[in-house]
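One structure is given here, and the rest of the page talks about it.
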Amino acid sequence: MSDAPDPSSRPTLPRGVRLKHDALRGEWVLLAPERLLKLDTVAVEILQRCTGEATFDAVVDDLVRVFAAPRERIAADVGTMLSGLAAKRLLDWR
Amino acid sequence: MNAPAPPVGLLAELTHRCPLGCPYCSNPLELEGREAEMSTEEWRRTFTEAAALGVMQVHLSGGEPAARRDLVDLVAHCAAAGLYTNLITSGIGLTAERIAALSAAGLDHVQLSIQDSDEESADRIAGYRGAAARKREVAAEVVRAGLPLTVNAVIHRANIGRAGALLEQAIAWGARRVEIAHAQYYGWARRNRAALMPSRAEAIRAIAEIEALKAAHAGTIVVDHVIPDYHATYPKACMGGWGRRLINVTPTGRVLPCHAAETIPGLDVWSVREHGLGEVWASSPAFVAFRGTDWMVEPCRSCSRKGVDFGGCRCQALALTGDARNADPVCHLSPFHGQVDAVVLAETGSVVPDYAYRSLRLKD
Ligand SMILES: C[S@@+](CC[C@H](N)C(=O)[O-])C[C@H]1O[C@@H](n2cnc3c(N)ncnc32)[C@H](O)[C@@H]1O
Ligand code: SF4
Ligand code: SF4
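So the protein lines, in turn, are chains A and B. Letter 90 of the first sequence, counting from 1, is numbered 80 in this note's numbering, and no numbers are missing. Counting the second sequence from 1 gives a position; this note's numbering is that position plus 1.
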């Protein structure tokens, strides 16, 4: 896929986009300008690692340890999700 | 009845005061004066209760929220309560120092409204000389402070030919997100409807222009395009459904299911000055009146989309059909659908009336 992320760039949530645990409803959400996205557990695991410190590659390596799945598949899924968020300006690459 | 699901958002109209006089302003004609406004303490309590109730995002609006001296304090309070805070502002009253203080207090996002890309026209629409130039500085200061910026522009007859230029200007100012909203006709916009409403041909041309730019900038700029529902087939789920997601609190603490709800006569509106916010959400007659689908009449009652759009906008149904329970006449299934065309035709004549600028002093 042409929009596969550069493995050495670092995904980060920009100011104005916040990961939040909603204790009342018992779920995780992504808060952004005029938006509120409910997240599943996989998305939360991914986004918690988008701190601007870890590279895309490091995030994927880490997730391979958490989810027992082939690295290739995880890299593809994470790439698709993060590219989608970046296109909506909900995620930046450093 | 079961307790309703908790709300997710709260629009706080901190004040109705505003230095500008936009003729399209969605605020009600009868504005609430400064003396009657809620105190800092009352707003703090409201935000604390909102967070406990399940609200996650707070939109600080008005009037002009920067007219409140306690704005920074209120932002800090919301941030401490874990609320995502969004400032909806005309920019007038925001200095570089104040923007830095808001940023330090934990503000999450700024939405700045502009009137036109042509500064002279912009100032004429706002009824305030120098407004456009000031807004340009405010945008730069917001970006410099590291705060994410959305630029909002309301589209109507005077600026519709420059809809594309407005969008380009917003991008040049450093906005990550742009909201192009065709005017909705309530409040002062209803009063000025004949001066504001563009012809159908102008609307169609502007919509195509914005959609093309939206596609061209996809991936770099988020464009939220709120198209005029007068030209739609189905209505929107107004407010995401009445009493389902959002709360609106007026400057004096009246709690509304939508900011135009007070145009519906006979609604019993409760205030946070007399009731807890949770109690208002669950049981105030104004929220219960059109919550869910039980209140509906035909064609909505037996329609498969009733859980999708909730019959559209109650205020528009009232304004164009005389009964708030009717389907929003924007819906092509509404027997009153012809009313919508009639309004567009009647209001887009060649004689354009003067603006009645928004003002606190109604009866001069
Ligand atoms: C009523 S204003 C109050 C906040 C601030 N004074 C401002 O103008 O940004 C809230 C938002 O609603 C938008 N707005 C006002 N009247 C409108 C209308 N008739 N239709 C659609 N949006 C409107 C404004 O541009 C602004 O983004
Ligand atoms: S829309 Fe214009 S008149 Fe209305 S509150 Fe905002 S700046 Fe003031
Ligand atoms: S009839 Fe009512 S519920 Fe059905 S689409 Fe029209 S407005 Fe929506």
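Using N, Cα and C, we set each Cβ at its ideal position, and we do this for glycine too.
Distances from the CB of L32 of chain B to the heavy atoms of ligand 2 are all 7 Å or more.
Scanning the segment 21 to 69 of chain B from its first residue to its last, the whole beta strand (DSSP E) runs of 3-plus residues come out as 58 to 63.
With fewer than 16 other CB atoms across the displayed protein chains lying within 10 angstroms of its CB, G323 of chain B is exposed. Apart from sequence neighbours up to five positions away, the residues of its chain that approach W18 of chain A with a beta-carbon distance below 6 Å are H11, L29, V34, ordered along the chain.
Taking CB atoms only, A216 of chain B has no neighbour in chain A less than 8 Å away.
Contact check between the segment 22 to 42 of chain B and the segment 284 to 293 of chain B: fewer than three CB pairs, one atom from each, fall below 8 Å, which does not count as touching. Using a Cβ-Cβ cut-off of 8 Å, Y358 of chain B does not count as an interface residue toward chain A, since no Cβ of chain A sits closer than that to its own. With a threshold of 8 Å between beta carbons, K28 of chain A makes no contact with chain B. In the DSSP assignment, G10 of chain B falls within the beta strand (DSSP E) that extends over 10 to 16. T151 of chain B places its beta carbon less than 8 Å from that of V179 of chain B. The DSSP-derived three-state label of I93 of chain B is coil. Here the alpha carbon of T264 of chain B sits roughly 36 Å from the alpha carbon of I172 of chain B. A contact is defined here as three or more CB-CB pairs under 8 Å, and the segment 9 to 22 of chain B fails this definition with respect to the segment 66 to 81 of chain A. Rounded to the nearest angstrom, the Cβ distance from G94 of chain B to A68 of chain B is 6 Å, consistent with a contact under 8 Å.
Contact between the segment 237 to 244 of chain B and the segment 20 to 29 of chain B is absent, with fewer than three C-beta pairs closer than 8 Å. A132 of chain B and S104 of chain B have their C-alpha atoms some 23 Å from each other. Relative to A159 of chain B, the option among B:I100, B:V270, B:D117 whose CA is nearest is B:D117. Between E142 of chain B and A97 of chain B a beta carbon distance of about 5 Å is seen, short of the 8 Å cut, so the two are scored as contacting.
Under the DSSP assignment, T151 of chain B falls in the beta strand (DSSP E) whose first and last residues are 150 to 156. Interface annotation for the segment 53 to 74 of chain B against chain A: A53, L54, G55, M57, Q58, H60, criterion Cβ-Cβ distance under 9 Å.
Under the DSSP assignment, I211 of chain B falls in the alpha helix (DSSP H) whose first and last residues are 201 to 217.
Here the segment 192 to 203 of chain B lies against the segment 342 to 349 of chain B, with 3 or more beta-carbon pairs under 8 Å apart.
For the pair A328 of chain B and L84 of chain B, the Cα-to-Cα distance works out to about 35 Å. Residues of the segment 94 to 116 of chain B with a Cβ closer than 8 Å to any Cβ of chain A, in chain order: D109, H110, Q112. Rounded to whole angstroms, S303 of chain B and E138 of chain B show a C-alpha spacing of 53 Å. Not one heavy atom of ligand 2 falls within 7 Å of the beta-carbon of R39 of chain A.
N28 of chain B has its Cβ nearer than 7 Å to a heavy atom of ligand 2.
DSSP places Y358 of chain B in the coil class of the three-state scheme, outside both helix and strand. Distance from the C-beta of N160 of chain B to the nearest heavy atom of ligand 1 is not below 7 Å. At least one heavy atom of ligand 2 is found less than 7 Å from the C-beta of E65 of chain B. With the criterion set as a beta carbon lying under 8 Å from some beta carbon of chain B, the members of the segment 61 to 76 of chain A are A76, in sequence order.
In terms of side-chain proximity, the C-beta atom of V155 of chain B is found nearer than 7 Å to a non-hydrogen atom of ligand 1. At a cut-off of 8 Å between beta-carbon atoms, V34 of chain A makes no contact with chain B.
In the displayed model, D310 of chain B falls within a helix according to three-state DSSP. The beta carbon of R192 of chain B lies closer than 7 Å to those of L30, A357 in the same chain, with the five residues before and after it left out. In the three-state scheme derived from DSSP, where H, G and I count as helix and E and B as strand, P286 of chain B is classed as helix.
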